[in-house]
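Sequential numbering from 783 applies to the sequence shown in the working numbering.
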Amino acid sequence: RDLPGLAHFLEHMVFMGSLKYPDENGFDAFLKKHGGSDNASTDCERTVFQFDVQRKYFKEALDRWAQFFIHPLMIRDAIDREVEAVDSEYQLARPSDANRKEMLFGSLARPGHPMKKFFWGLVTCPYAENLPLSFSKAYFFSLFSLLETLDTLEKWVTEIFSAIPNNGLPRPSFGHLTQPFDTPEFHKLYRVFPVRKVHSLSITWALPPQDQHYRVKPLHYISWLVGHEGKGSVLSFLRKKFWALALYGGNGETGFEQNSTYSIFSISVTLTDEGYKHFYEVAHVVFQYLKMLQKRGPDKRIWEEIQKIEANEFHYQEQTDPVDYVESLCENMQLFQKEDFLTGDQLLFEYKPNVSSTVALNMLLLMPLFLLSAANEGKCHLKERWFGTQYSEEDIDKYWSDLWASDFQLNEDLHLPEENKYIATDFALKAPDCPESEYPVKILSTQQGCLWYRKDDKFKIPKAYIRFHLISPLIQQSAENVVLFDTFVNILTHNLAEPAYEADVAQLEYKLVAGEHGLVIRVKGFNHKLPLLFQLIIDHLSDFSFTPAVFEMITEQLKKTYFNILIKPETLAKNVRLLILEHGRWSMIDKYETLMKGLSIESLSSFVKAFKSQLYVEGLVQGNFTSRESKDFLNYVVQKLQFFPLPHPCPVQFRVVDLPNTHLLCKVKALNKGDANSEVTVYYQSGARSLREYTLMELLVMHMEEPCFDFLRTKQTLGYHVYPTCRNTSGILGFSVTVATQATKYNSELVDKKIEDFLSFFEEKIKHLTEEAFSTQVTALIKLKECEDSHLGEEVDRNWNEVVTQQYLFDRLAREIEALKSLTKADLVDWFQAHRGSESKVLSVHVVGFGKHEGDSEVPAVSDEQNSSCGEIPQLTFLPPSSLMTNTTSIKDIKAYTSALNVLPYHKILK
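This is the structure:
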């Protein structure tokens, strides 16, 4: 109780060396060397550790892993350094409204209850003295569940894991701590001033623990109905009133939301500006729906429909990533009976209306309302202890509390959904009607577009993927056009939300993406009813229309979306980097400024008409469709939209500027004054390179990952997120190293210098690399590329990337493998030294948070102060370099500086 975040910190420390394998980063180094990875996470009642590695090295990895739980070292120096990483993780989490709301909710628990605790971890906590005792209590054999997905012998597990100590203590039980929120504070209205620009109303119930009802899944049943978006639903009614944009209802199945002391059911409504003014009426619509459910009682038709949908998905599910699957099953072993390990989290087994009725009845009781809005600024005079969330507490308005306590009238517009026409019933695999091929083939090509196709012959499931790219040069002609395009796609998505929702719950998925050069349509699911959904989307695109009220609602929401992107250091850093590198790119501030100045309904109508009049359409169909059926999709698009072909081919990438042979620095202040987080990226531009050089860069970054983590995070404690990255910027190669740090701890230029120190250290490291170590890393990367796709979606994603970038090199992986086989250690060293020498082209991008190490005398809490409100247009503040980086060229005006640089030709990596 006195050491917040101890369990989380313990999770970090057990990875840092064992008696048998004392090297601090030895496990990570071993995994990286053999193409593996590891991770861990701590929840309220359990900690999950996981790793993957090449099969050949699995037994040794298992032994190294087990030793963490047998004899972890927990050296004091490592503890003092790792506590900084845990604190950095906490600092990165602080600007998240979801985390802040969770901590505020937990603070309402009664005194002494564990849900009132702080879970993250602090730099000021004296963990060292308490770790050994905590380890002996938390990590003993009777608490473990272990899952092996490989064909390992039982003796491995016995041999390796039997040494984990068993202290004889019983499994901790928290069953006596139910009803943590039985307090007066729980039945209040809480106004919260969020970090992001958003209006949101959340209603949250703390119900009795529901784990024992997993075979009935009452929360899933109620969530399915409350979260429905079709006719008769809460959201459908609220949208017609222009009060809401989205609604989520359910239990997130995290340790915070579902544990042995309670289960949460939360309904969160994203409100419009008008909806914010009527938030009590919004809450009343929710209660009217819940009361309708309670009065009607559970509906067996609905339950059986949900059961059928979940059973279809389970029986024809695609494989997931093995590590994710292992993690899921390992957690299931802690939650379900042995016979339900594989199915307990997905299937509905038993129809017990009395269980669902009890839950629904509990949801008519009083609970807290959380109203998040930037309009609450100045009204929130309380502050949550750990995250600094500003909030106010008040009684729920007496009129509404009295009404909800009475037998209030139901709403005739709210009713159960009708029978779902999108549920698949035909699962037959279709016979091919053309020669089989390993890669997609072009089966249709006209002036208006082309279609790529591959019949699935590997996974043999009754599912398919349909993807289309509607390309137009109109989009990038101006910042206004980009914003009009975003508005158009958002309204189209809004228009489809209700009619397409039944398909969505029947496991048919769709997504519309406002790409940089066109509209991307993605559809997937059971092929039986997939054409119905695709035609629905194209029909709405063809017959696109909107009302002034919808236009106003969507543009207001888009303002918030743009602003929320700008105030996050990591997304602002990416935006600044690409704004410098990509010629003709419009910045997020350009888009936000255009939107704030105002768009007209007429301009949107004119844009949409022009967009639909001239297009080039590229599509990919993979899965359980014949080639003839697949051609119908492109034909339907052409027939419904009736567009002309483009007069000239439209590039689907930007041209990239050729950076000078110097070190550039673009240093800007973050736009959220309450955020201490800084983002530092050092980027090295290589240029228009070949496939062989791309694989060389991949190999370099793979070599770099573990020492980068060890040097910059473990030893230098600069931040929680530390990573190198391969960069393919519109065909131009480069690599970068990124560190997310805090201005309360480090100056961004010091971090930049430390990155340079690491790269110098790394240069020496690879120069002394043995031929054996080099060969092992090459083999590991080849093995990763040779890994079979675990599901059809992986293959589709890879092929779609070739189509959407118009490269069409579908055998890229095979070519990369051949290129890797030709590489030598000398190639690696020479390439790295060439990019680090006098001819290097370096760009450092710093987004600087607020803190004492950046010259800010007083730093407000995250939500105390924003740089600007959503109604103002933020401008980038360019900062000059300090004495640490006087040898750099400082960029103080991106457009002015880059306009003088040469622009490289379009480039595709094809050979």
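We put the beta carbon where it would ideally sit given N, CA and C, even for glycine.
On a predicted model such as this, the values are computed, not experimentally measured, just so you know.
| query | result |
| --- | --- |
| So, with DSSP's three-state summary, where would you put L1290? | coil |
| Ordered along the chain, which non-local residues of its own chain (more than five positions away) have a Cβ less than 6 Å from that of Q1119? | none |
| Please report the Cβ distance between D1239 and S1572, rounded to the nearest whole angstrom; I am assuming they are in contact, meaning their Cβ atoms lie under 8 Å. | Going by Cβ atoms, the distance from D1239 to S1572 rounds to 17 Å, so no, they are not a contact pair. |
| Going straight from the alpha carbon of Y1465 to that of V1611, what length do you get? | 18 Å |
| With H, G and I counted as helix, E and B as strand and the rest as coil, what does DSSP make of E1400? | strand |
| Output needed for K1547: all residues of its chain with C-beta closer than 7 Å, excluding positions within five of it in sequence on either side, in chain order. | P1489 |
| Here's the rule: buried if 16 or more other CB atoms are within 10 angstroms of the residue's CB, otherwise exposed. What is S1512? | buried |
| Quick check on DSSP: helix, strand or coil for E1100? | coil |
| Can you give me the Cβ contacts of K898 inside the same chain, cut-off strictly under 7 Å, excluding the 5 residues immediately before and after it? | G888, S889, A891 |
| Here's the rule I'm using: 16 or more other beta-carbon atoms within 10 Å means buried, otherwise exposed. How should V1016 be labelled? | buried |
| Would N807 pass as a contact of D1492 if the rule is Cβ separation under 9 Å? | yes |
| From T1275 to K979, what distance separates their C-alpha atoms? | 21 Å |
| Figure out for me which residue from I1347, I1243, W1186, Y1030 has the closest Cα to the Cα of S878. | I1347 |
| Pull up the distance between the alpha-carbon of W1006 and that of S1382, whole angstroms please. | 38 Å |
| List the DSSP bridge partners of W987. | F1047 |
| To the nearest angstrom, how far is the alpha carbon of G1516 from that of Q1467? | 4 Å |
| Out of curiosity, what's the CA-to-CA distance linking K1698 and A1142? | The requested residue 1698 is not part of the displayed model; the chain covers only 783 to 1693. |
| Please classify H1251: is it buried, with 16 or more other beta-carbons within 10 angstroms of its beta-carbon, or exposed? | buried |
| Indicate the three-state DSSP secondary structure (helix, strand or coil) for I1205 in the structure shown. | coil |
| Figure out for me which residue from Y1528, F1544, A1525 has the closest Cα to the Cα of V1519. | F1544 |
| Put Y1688 into one of helix, strand or coil per three-state DSSP. | coil |
| For S1650, does the three-state DSSP call read helix, strand or coil? | Low confidence applies here, because S1650 scores a pLDDT of 46, under 50, leaving its location unreliable and the question unanswered by this model. |
| Where DSSP assigns a beta bridge to F1544, which residues make up the other side? | Answer by DSSP bridge pairing: none, since F1544 is not bridged. |
| Please name the residue, chosen from L886, H794, T1171, D810, that lies closest to H1485 on a Cα-to-Cα basis. | D810 |
| Might you give, ordered along the chain, the residues of its own chain that have their beta carbon closer than 6 Å to the beta carbon of R1236, omitting 5 neighbours on each side? | P1222, Q1404 |
| If you run the structure through DSSP and keep just helix, strand and coil, what is F850? | helix |
| Can you have a look at F963 and say buried or exposed, based on whether 16 or more other CB atoms are within 10 angstroms of its CB? | buried |
| Kindly indicate which three-state DSSP category H1060 falls into: helix, strand or coil? | coil |
| Please report the distance separating the alpha-carbon of Q1076 from that of L1146. | 9 Å |
| State the CB to CB distance for the pair T1043 and P991, rounded to an integer number of angstroms; the pair is presumed to be in contact (CB under 8 Å). | 7 Å |
| Taking the CB atoms as reference points, tell me whether E1364 and V1450 lie closer together than 9 Å. | no |
| Count the other CB atoms within 10 Å of the CB of H1310; is the residue buried (16 or more) or exposed (fewer)? | buried |
| Leaving out five residues before and five after K815 in sequence, what residues of the same chain have Cβ atoms less than 7 Å from its Cβ? | T1558, Q1559, A1562 |
| Can you round the beta-carbon distance between K1245 and Y1098 to whole angstroms, since I take them to be within the 8 Å contact cut? | 7 Å |
| Just to confirm, are F1436 and R1367 a CB contact at a threshold of 9 Å? | yes |
| Could you pull out every residue in the same chain whose Cβ sits closer than 6 Å to the Cβ of G1501, ignoring the five residues on either side in sequence? | S870, V1521, A1522, T1523 |
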